[in-house]
Amino acid sequence: MSTIIACIDSTSASENALRYATHMVKRNNLKLQILAVIEGSHRNLLFASEAISNQKRNQIQKHLKKLVDNICLPNGIEPSISLREGDIVAEITKEIKAVGNCKMIVFGKSQNFQSDNTVLPKIVGKIGDKINASVMIIPQNISEDFWNIFS
294 MSTIIACIDS TSASENALRY ATHMVKRNNL KLQILAVIEG SHRNLLFASE
344 AISNQKRNQI QKHLKKLVDN ICLPNGIEPS ISLREGDIVA EITKEIKAVG
394 NCKMIVFGKS QNFQSDNTVL PKIVGKIGDK INASVMIIPQ NISEDFWNIF
444 S
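The numbering used here puts the first residue of the sequence shown at 294, with every later residue one more than the last.
Set out below in structure tokens:
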């Protein structure tokens, strides 16, 4: 079955990305794969690396549970969840290959998250020629009128 991958992080922009992905999954009878990548920048720390990794993992797991409980389950969608650690672009590429039949990748774009301006184009630029799927970037400040077209 075809799949949509929703790339989720700890920002509120991820909520809109997941809402969009959930609507598309429901509308087109697809599977939903949620992907969260924990960057491994803390791996260089000698003593605190494992503690920081565990803390980041716990934070994102709580955030994912809240999003799934509030967005996916009320819409009758039970997603698969993949939590990876490493380079964002490399892990997204691995996930796409693991899923196999990925039709769309959805990202959230926050209103004031400075690194979005460099990270999202970098990700799309690097994975664009390696995948055969649409890439959607959903803004954080999207209006309620947009969501009404899905009702």
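By construction, the Cβ of each residue, glycine as well, lies at the ideal position given by its N, Cα and C atoms. Nothing here was measured: the structure is a model prediction, and the numbers come from that model.
Residues near residue i by beta carbon distance below 7 Å, same chain, minus five either side
{"i": "E332", "result": "I381"}
{"i": "S274", "result": "With the chain covering 294 to 444 only, the question about residue 274 has no answer from this structure."}
{"i": "Y313", "result": "V399, M429, I431"}
{"i": "I370", "result": "T315, V318, K319, L325"}
CB contact flag (residue i, residue j, <7 Å)
{"i": "L328", "j": "L360", "result": "no"}
{"i": "L325", "j": "P372", "result": "yes"}
{"i": "I442", "j": "G401", "result": "no"}
{"i": "T315", "j": "N363", "result": "no"}
{"i": "M317", "j": "I301", "result": "no"}
{"i": "A306", "j": "S403", "result": "yes"}
C-alpha gap between residue i and residue j, whole angstroms
{"i": "A299", "j": "L376", "result": "12 Å"}
{"i": "G379", "j": "K319", "result": "30 Å"}
{"i": "R350", "j": "M429", "result": "25 Å"}
{"i": "I435", "j": "N309", "result": "8 Å"}
{"i": "S295", "j": "Q433", "result": "26 Å"}
{"i": "V330", "j": "E437", "result": "28 Å"}
{"i": "I389", "j": "Q348", "result": "26 Å"}
{"i": "F439", "j": "C365", "result": "18 Å"}
{"i": "V392", "j": "S346", "result": "25 Å"}
Host beta strand (DSSP E) of residue i (start-end)
{"i": "T296", "result": "296 to 301"}
{"i": "V361", "result": "That residue, V361, is in no beta strand (DSSP E); it is neither H nor E in DSSP."}
{"i": "E378", "result": "373 to 378"}
{"i": "S427", "result": "427 to 432"}
Residue range of the unbroken alpha helix (DSSP H) whose run includes residue i
{"i": "A310", "result": "306 to 321"}
{"i": "E388", "result": "381 to 392"}
Closer than 7 Å to chain C by CB, residue i
{"i": "L357", "result": "The structure shown contains no chain C, having only a single protein chain."}
Exercise. Would you call the stretch 356 to 363 and the stretch 388 to 407 touching, i.e. three or more CB-CB distances under 8 Å?
Worked result: Put simply, the stretch 356 to 363 does not touch the stretch 388 to 407. Fewer than three CB pairs are less than 8 Å apart.
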